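**Q** Submitted below is the structure of interest, expressed as C-alpha cells.
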Amino acid sequence: MVPLEETYQKYSPREGETHQKMTPREGEIHQKYTPREGNTHQQYVPREGVTHQKITPREGDTHQQYTPREGETHQKYTPHSKTEGESQPASFNIQTRRSSHEPNPPNGGLVLGGGQTIKLMLVPDKAATTAAAPAKKEKPHPQQKMKKFWTNFDPEYVGKVTRVLPERIGESDLTAKLLGETAHRALQSYEKAKEACVRDVKRIIQECRAANQKYTDSHWDIERDLKITRVRDCLDGLVGDADDKQYPADAKRVTDIFEDPKFYVDGVSYDDMLQGSAGDCWFLAAISALGCNPEFIERVCVIQDQAVGVYGFVFHRDGEWHQCIIDDKLYLRAPAYDESGDVVLGQYGVRRANQEDQYQELFQRGSQSLYFAQCRDQNETWVGLLEKAYAKAHGDYASISGGQTGEAIEDLTGGVTTEIYSTNILDPEAFWRDELSRIGKDFVFSCAAARWREWRPYLVANEKIREERRSGIVSQHAYAVLATYEGHGQRLVKIRNPWGRKEWTGAWSDGSKEWTADWLQRLNHQFGDDGIFWMTYKDMLSKYKYIDRTRIFGPDWHVAQQFMSVQVPWSTLDYQQNHFSIDVPDDTDAVIVLSQLDDRYFKGLQGKYNFTLQFRVQKDSQDDEEYLARSKMTYELVRSVNVEIPLTKGTYSVLVKVEATETRRDDVEKVVRNNIHRRDKITQIGKLYDLAHQKGQLPSSSPGSSIASSVSGSGTSTPTSTGSQIRDQSRSDASPAAGSKEDSEEKDPHRNPWNASCVVGLRVYSKQADLGLKVVVPSREEIEENKHMPTLDRDDVAKSALDEAQAAVGKGDEEEGEDGENGGSAAEDGEIQKPIEGQT
Numbered sequence: 001m002v003p004l005e006e007t008y009q010k011y012s013p014r015e016g017e018t019h020q021k022m023t024p025r026e027g028e029i030h031q032k033y034t035p036r037e038g039n040t041h042q043q044y045v046p047r048e049g050v051t052h053q054k055i056t057p058r059e060g061d062t063h064q065q066y067t068p069r070e071g072e073t074h075q076k077y078t079p080h081s082k083t084e085g086e087s088q089p090a091s092f093n094i095q096t097r098r099s100s101h102e103p104n105p106p107n108g109g110l111v112l113g114g115g116q117t118i119k120l121m122l123v124p125d126k127a128a129t130t131a132a133a134p135a136k137k138e139k140p141h142p143q144q145k146m147k148k149f150w151t152n153f154d155p156e157y158v159g160k161v162t163r164v165l166p167e168r169i170g171e172s173d174l175t176a177k178l179l180g181e182t183a184h185r186a187l188q189s190y191e192k193a194k195e196a197c198v199r200d201v202k203r204i205i206q207e208c209r210a211a212n213q214k215y216t217d218s219h220w221d222i223e224r225d226l227k228i229t230r231v232r233d234c235l236d237g238l239v240g241d242a243d244d245k246q247y248p249a250d251a252k253r254v255t256d257i258f259e260d261p262k263f264y265v266d267g268v269s270y271d272d273m274l275q276g277s278a279g280d281c282w283f284l285a286a287i288s289a290l291g292c293n294p295e296f297i298e299r300v301c302v303i304q305d306q307a308v309g310v311y312g313f314v315f316h317r318d319g320e321w322h323q324c325i326i327d328d329k330l331y332l333r334a335p336a337y338d339e340s341g342d343v344v345l346g347q348y349g350v351r352r353a354n355q356e357d358q359y360q361e362l363f364q365r366g367s368q369s370l371y372f373a374q375c376r377d378q379n380e381t382w383v384g385l386l387e388k389a390y391a392k393a394h395g396d397y398a399s400i401s402g403g404q405t406g407e408a409i410e411d412l413t414g415g416v417t418t419e420i421y422s423t424n425i426l427d428p429e430a431f432w433r434d435e436l437s438r439i440g441k442d443f444v445f446s447c448a449a450a451r452w453r454e455w456r457p458y459l460v461a462n463e464k465i466r467e468e469r470r471s472g473i474v475s476q477h478a479y480a481v482l483a484t485y486e487g488h489g490q491r492l493v494k495i496r497n498p499w500g501r502k503e504w505t506g507a508w509s510d511g512s513k514e515w516t517a518d519w520l521q522r523l524n525h526q527f528g529d530d531g532i533f534w535m536t537y538k539d540m541l542s543k544y545k546y547i548d549r550t551r552i553f554g555p556d557w558h559v560a561q562q563f564m565s566v567q568v569p570w571s572t573l574d575y576q577q578n579h580f581s582i583d584v585p586d587d588t589d590a591v592i593v594l595s596q597l598d599d600r601y602f603k604g605l606q607g608k609y610n611f612t613l614q615f616r617v618q619k620d621s622q623d624d625e626e627y628l629a630r631s632k633m634t635y636e637l638v639r640s641v642n643v644e645i646p647l648t649k650g651t652y653s654v655l656v657k658v659e660a661t662e663t664r665r666d667d668v669e670k671v672v673r674n675n676i677h678r679r680d681k682i683t684q685i686g687k688l689y690d691l692a693h694q695k696g697q698l699p700s701s702s703p704g705s706s707i708a709s710s711v712s713g714s715g716t717s718t719p720t721s722t723g724s725q726i727r728d729q730s731r732s733d734a735s736p737a738a739g740s741k742e743d744s745e746e747k748d749p750h751r752n753p754w755n756a757s758c759v760v761g762l763r764v765y766s767k768q769a770d771l772g773l774k775v776v777v778p779s780r781e782e783i784e785e786n787k788h789m790p791t792l793d794r795d796d797v798a799k800s801a802l803d804e805a806q807a808a809v810g811k812g813d814e815e816e817g818e819d820g821e822n823g824g825s826a827a828e829d830g831e832i833q834k835p836i837e838g839q840t
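Counted the way the UniProt record's numbering counts, the sequence shown spans residues 1 to 840.
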C-alpha cells in the first residue's frame, strides 16, 4: 500500500496485473488508469475531483460513451446497436453494487480508495427500445444538387475590391474631393485641362528658378530609381518576370545627352520616330499616324521649358483629360565612361588617345544613345519625352508594352476607335470611298497582321520561310496608315513600320517593277529602308487582318458620360437589368460608346477576369425586340465597343451585356500582399486603381430610381451618381457563401466561386448640347418580373426555343380561358407564369 504522502509518477502493478498506469490516490498526479487483466476498459470516469472523461464498456457491450451519474461531467452516451423497429437511440439505466470485501474485483469492477469496488451494469430502457425506427434518409433530387452547385459557384451577389490602399482619417473626404474634381474636369473642354497643366508647369518653373535648380520629378525619378535605390519601379510593373530582363545602363538629362537639343526640328513629321527597347510599337504607330497632322501631337505636348527641364502633357483616360508632368531625364543604352570596362572599349575600337571623348560620342551623345524611343534627328527630343510621359502616366515602361494602336490614338486625341476585321468588310468599294480615303480629315487608321505564330505554326515550321511568304509583313506588329492615293487606274495605300526599317517586298515595294519616274514624282516617294512603303488597297486588305479606324471629333461635337458597376454572372444569357437611358431633344447624329475602365493604368491589379462588352440601342416607344442597333464583336480591341447611329427626337434605352472569362492571374489581394515591400509602387498604382473604381462606387441610387446627367456646352457630362453598387456578400440577404459547413462535402476544392464584376461607362457623342444621359436601376418588383422573360438578340441560339415555350404557355392560357369556369388567363390577371422547378 502506497502511503498518501508520497507523490509517485509511475506505478508498477502487482504480480499478475497488466496495468501500465493507474489513477493515484489523493495527492498523486497520475492521469490515466489501465485496468487489470481481463478488463477491457480503456478509460475510467473517476469520482468527484478526478479528471477522467470517458469509459469503455466491458467486452460484448457496444457502448462507446457513458452518461455519468448525478454530479459527474459526462455529456453524451452512445447506446448499443439498434434493433429493428427502433426509431431513436435506446437509453440505459445504470445500476451500481458496492462490495468492500473483494481485494481483487472480478471482470467489470473498478478499485476505489478504501478497498471499495463499484460494479457497473448497463440496463436498457424498455420504453426507449420500443420506439419506431427512423425513416431512411432520402437522396436529393439531381436537379436540387445541380441547383445547389450553381448557388455555391455562381452566387447572386458578388464582391469586388474597390479600394487597394488603407483608408486613413479624412482620406474618404479627400477621395470624394478628388472625384468631384475629376467629374468637374470632365465638364470642361480640352482647353481647361491644358490650362491646368500649363499653370502647374509655370509654378514649377518659378520654383526652380528661385532655387537655381533644374527640375527633378521626385515622384518618378528614373536616375535615382536606376542607380541608387535600384528597385526599378519606373521600369517594372507589379507582376512579371524581371530576373532575366535587360535594363538601361544609365540615365542623364537632355542637356547632357544632346549637343544642341530641340523639342521639334522642323516641326512634327510621321517619319520622326524610331522604336527603342520597349515593346510599344502600337504607341509609336499611333504617333506616327497622328504625325501626318502635326496639330494632333502639339495638342498633347502643351508646354515645356528646356532650360529648367520640365515638360507638361495631357492624355485622355476614361472619358477625361489628365495632365502628366515629367523632368528631362532619359535612359541610355551604355554606362557612363567611368563605369565602362576595357571589353566595351575594345569591342568598338576605341583608341586610348582621346578615349573618353570617343566613348561619349559613340555611346552617350544624340538620339542614337537612348535606350527607348528616339527621333531620327540626333538633336530632336519630343518622341523620347512623349513616350516617357505616357509610361509615367501608366506607372512604368513595362505597362506600355503591347497594346492596340487604336487605343493609343484614343488616348492622344479623345477619339473613338472601331475595330474592322478585313474579311468582314461587306463592300470594299464603300469602305474605300466613305472611310479610308477620308484619312486625316475625320479618321485616323492603323493596321496589324494576324497572329500567325500562335495558331498556325504547324503550316510552315521555318520562321524564315514564313516571313518570306508574308512578303516582309511582321505578324503581331502595328503599322501606321499614312495616306491613300487613287488615280491612273490604281488605288494605293502608304504605310509605315514604327521600327523605321523592314518594309513590304511585294508589288509597289521599293525597287519593284511597278515604279517609274512619273510614279516616284507623283507620289513623292524615295527608295530606302526607312520603314515607309506603298502597297495596293487589295494587298492591304489581304495582308492586314485588323484595321483600327479612329473617329476624331471636332469642336461641334458634345459628349455625355455615365458609369455604373455591374455584376457579371457565369451565364450571360440576358442583358443587365440596370441600363442607360438617353433623352434626345432633337434629331442628331450620335456615336455611342460602351467602355470598361482602362486597366493599363493599374496593370497587375486587373483581377482574375477579362471582360468583353456588348450593348444594343432601342427606342422606348417601340417593341423591345425591335432594337435599332447593337455593337459588333471585336477580336483584339476589348476596351470599348461602339455604334454610329442617327437618333431622332425621343427616349432610348441602352441595354448592356458583359461576359467574363477567368484567367490565371492572381486576385488583387494576393498581388498586393506579394508586393507589400514595394510601398512606393503599391501607393502609386493603388491611387490610380482606387480613383478609377470609385466611378462605380459613389453613393448610388436605390432600386427603382434613376441617375441623370446632361451635356453642357463645354463638352461632357457630370455624373451625379454612378448606378448600382456591387452588393456585399456579408449582407443578410446574400446567398450562402460557398464552402459553408453544409456544402463542404460537395464543394470542389480546386474551384473558387465565380466572383466577376466590373465598372462600365457609356459615352454619347452628338451635336446636341442638351442631350441627357442617366442610369436606370429597376425596382425589385421589376427585376423579379423580368427575370423570367430574358431579352435575347435575334440571332441568339436560345431565342427560338424561348419563343416556342412562351407561345405554348400563351396557347395553354387561351384554352384554359375558354374552358375554365373563370375564363381568361392568369397572365391577363397580372400573374407571371414561372417555369416548374427543373424545367426550362
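Glycine residues also receive a C-beta, built at the ideal position from the N, C-alpha and C atoms.
Remember, predicted model here, so these are calculated numbers, not experimental data.
Determine the closest residue to H558 out of S369, Y190, A278, Q404, with distance taken between C-alpha atoms.
**A** Y190
**Q** Would you mind sorting E207 into buried or exposed? The rule is 16 or more other CB atoms within 10 Å of its CB.
**A** Result: exposed.
**Q** Quick one: what does DSSP say Q577 is sitting in, helix, strand or coil?
**A** coil
**Q** Let me check understanding here. Comparing Cα to Cα, which of E626, Y331, Q768, T229 lies closest to K649?
**A** Relative to the Cα of K649, the nearest Cα in the group E626, Y331, Q768, T229 belongs to Q768.
**Q** Would you give the residue range spanned by the alpha helix (DSSP H) that K681 belongs to?
**A** 679-693
**Q** I'd like to confirm something about K148: is its beta-carbon nearer than 8 Å to some heavy atom of the ligand NAP, or not?
**A** Summarising the ligand content, the structure contains no ligands, and the ligand NAP is consequently not present.
**Q** What runs of the alpha helix (DSSP H), each 4 residues or longer, lie entirely inside the segment 525-552?
**A** 537-543
**Q** Using DSSP bridges, identify the partner residues of K494.
**A** Looking at the DSSP assignment, K494 forms a beta bridge with A483, W534.
**Q** Of all Cβ atoms in chain D, is any one closer than 9 Å to the Cβ of S367?
**A** Within the model displayed, chain D is absent; a lone protein chain is all it includes.
**Q** Please state whether DSSP places H477 in a helix, a strand or coil.
**A** coil
**Q** If distances are taken between C-alpha atoms only, which option among I409, E486, A408, L482 comes closest to L429?
**A** Note on identity: in this sequence residue 429 is Glu, with Leu being the wrong assignment. Nearest C-alpha to E429: E486.
**Q** Looking at the structure shown, is L594 part of a helix, part of a strand, or coil, going by DSSP?
**A** In this structure, L594 counts as strand in the three-state DSSP scheme.
**Q** Check for me: the alpha helix (DSSP H) holding W432 runs from which residue to which?
**A** 428-434
**Q** When DSSP labels each residue in this structure, what does C197 get in the three-state scheme?
**A** C197: helix per DSSP, three-state reduction.
**Q** CB-CB under 6 Å to I473, same chain, minus the five flanking residues each way: which ones, in chain order?
**A** A449, K543
**Q** Check whether the Cβ atoms of S653 and Q618 sit closer than 9 Å, and answer yes or no.
**A** yes
**Q** According to the neighbour-count rule (16 or more other Cβ atoms, all chains shown, within 10 Å of its Cβ), is A210 buried or exposed?
**A** The residue in question, A210, is exposed, as its Cβ has fewer than 16 Cβ neighbours within 10 Å.
**Q** When you compare only the Cα positions, how much space is there between K214 and K681?
**A** Distance between the alpha carbons of K214 and K681 is about 25 Å.
**Q** Whose C-alpha, out of W432, V568, I420, V566, is nearest the C-alpha of K632?
**A** I420
**Q** Select from S269, S565, G309 the residue whose C-alpha is nearest the C-alpha of N212.
**A** Among S269, S565, G309, the Cα nearest to that of N212 is on G309.
**Q** What residue from V658, T661, E662, I685 has the CA that sits closest to residue 841's CA?
**A** Only positions 1 to 840 of the chain appear in this structure, which leaves residue 841 out of reach.
**Q** Just the C-alpha distance for A629 and A692, rounded to the nearest angstrom, thanks.
**A** 29 Å
**Q** Check V668 in the structure and name its three-state DSSP category.
**A** helix
**Q** Among F149, R763, E662, C447, which has the Cα closest to the Cα of residue 842?
**A** Outside the shown range of the chain (1 to 840) lies residue 842, about which nothing can therefore be said.
**Q** Less than 9 Å between the C-beta atoms of F372 and L426, yes or no?
**A** no
**Q** Who are the near neighbours of R501 in its chain, counting only those whose CB is closer than 6 Å to its CB and skipping five residues on each side?
**A** D529, G531
**Q** Under a three-way DSSP split, which group does W382 fall into?
**A** When DSSP states are grouped into helix, strand and coil, W382 belongs to the helix group.
**Q** Is A480 near G440, with beta carbons less than 9 Å apart?
**A** no
**Q** E361: which of L332, L386, D583 sits nearest, CA to CA?
**A** L332
**Q** Please report the Cβ distance between L655 and Y765, rounded to the nearest whole angstrom; I am assuming they are in contact, meaning their Cβ atoms lie under 8 Å.
**A** Between L655 and Y765 the beta-carbon gap is near 19 Å, outside 8 Å, which marks them as no contact.
**Q** Could you name the residues of the same chain whose beta carbon sits closer than 7 Å to that of I222, not counting the 5 residues immediately before and after it, in chain order?
**A** C234, A251, K329, Y331
**Q** Quick one: give me the first and last residue of the alpha helix (DSSP H) that G406 is part of.
**A** 405-413
**Q** Is it buried or exposed, G554, if we count other Cβ atoms within 10 angstroms and call 16 or more buried?
**A** exposed
**Q** Check for me: the beta strand (DSSP E) holding F615 runs from which residue to which?
**A** 609-619
**Q** Nearest CA to the CA of residue 877: which residue from T255, E259, C292, E514?
**A** Residue 877 lies beyond the residue range present for the chain, which begins at 1 and ends at 840; the question has no answer from this structure.
**Q** What residues in its chain sit with their C-beta under 8 Å from that of I495, if we drop five residues either side in the sequence?
**A** C447, Y479, A480, V481, L482, W504, I532, F533, W534, M535, M540
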